[in-house]
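Student: Dumping the structure here so I can ask a few things about it.
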Amino acid sequence: MKKLNPPLYVILIVIAGLCTTTCGKSSDGGGGGGGGVIVLLGDLIGFWQHDPDSFTFDGQDNKLGGSGTVGGQTGTVSNSKIDKYQFSFDLVFADNSTKSYTGTIDETKEIIKLTTGGITTTFNKQ
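Residue numbers for the sequence shown follow the working numbering, beginning at 1 and rising by one.
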């Protein structure tokens, strides 16, 4: 068997080192380790409550839909978007005023945190 020269050993060691530190890892932190819990439409569907406010989400046309009651006013979920680790939507009220929400879901898929106007509220799945 032919002997490898020293510079070739160095190149092979560097390549092997790079492969063990970067191969098989995704750019999002690998397996949810860096960004949080992945949000799926099916996980959001249902009734969520934080007395006296509540949301009822459904999956209209493969998008988040439904309604919500906040501060005694009821509105319709509109303009929803699900990103990998968070979701967002507008709640449109009868007077055409809107509140924009951004949310995350926890590992148990039983708690969502919704933020609007810099205030975050925790809602529990019922």
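The C-beta atom is built at its ideal place from N, Cα and C for all residues, glycine as well.
Please read all numbers here as calculations on a predicted model, not as lab measurements.
Considering only residues of the same chain and omitting the five flanking positions on each side of G36, which have a CB-CB separation below 7 Å?
Tutor: Closer than 7 Å at the Cβ level, and outside the excluded window around G36, lie Y85, T104.
Student: Let's see if you can read the secondary structure: which residues bound the alpha helix (DSSP H) around D51?
Tutor: Where D51 is concerned, there is no enclosing alpha helix (DSSP H), given that its DSSP letter is neither H nor E.
Student: Hey, would you say G100 sits closer than 8 Å to T122, going by beta carbons?
Tutor: It should be pointed out that residue 100 corresponds to Ser in this sequence rather than to Gly. No, Cβ-Cβ distance for S100 and T122 is not below 8 Å.
Student: For D90, does the three-state DSSP call read helix, strand or coil?
Tutor: Strand, per DSSP.
Student: Can you tell me the Cα-Cα spacing of I38 and S97, whole angstroms?
Tutor: Straight-line Cα distance between these residues: approximately 30 Å.
Student: Roughly how many whole angstroms lie between the Cα atoms of N124 and G68?
Tutor: Distance between the alpha carbons of N124 and G68 is about 14 Å.
Student: G71 to F55, Cα distance in whole Å?
Tutor: C-alpha separation (whole angstroms): 12 Å.
Student: D127 to S80, Cα distance in whole Å?
Tutor: Examination of residue 127 is not possible in this model, given that the chain is present from 1 through 126 alone.
Student: Should I82 be labelled buried (16 or more other beta-carbon atoms within 10 Å of its own) or exposed?
Tutor: Classification for I82: buried.
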